[in-house]
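Worksheet for the structure shown next.
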């Protein structure tokens, strides 16, 4: 674990992420989350707590830049 994993300010809902970053639509983000097992590294960015899903903005940015690809395997 690193600092990005532990800082709760970086964990936001998909709706919040779409509202903050207009370049992503809500359907785009939902599609990525639904297919996260098909995209290496993306599972590291997303967690479900209760009935809500949260995405880590720092880890998502790292995944977008290619830094998370193949670095981690699924936690499950």
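Numbering (the numbering used here), first residue to last: 5 to 80.
Backbone N, C-alpha and C define an ideal beta-carbon position, used for all residues, glycine too.
The stretch 23-32 makes no contact with the stretch 65-72, as fewer than three CB pairs between them are under 8 Å.
Unbroken alpha helix (DSSP H) stretches of 4 residues or longer found wholly inside the stretch 21-65: 30-38, given in chain order. Looking only at 13, 12, 18 and 11, the smallest Cα-Cα distance to residue 38 is reached by 18.
The C-beta of residue 12 has fewer than 16 other C-beta atoms within 10 Å across all chains shown, which makes the residue exposed. The secondary-structure analysis by DSSP pairs residue 16 across a beta bridge with 59. The closest CA to that of residue 15, considering only 53, 70 and 71, is found on 53.
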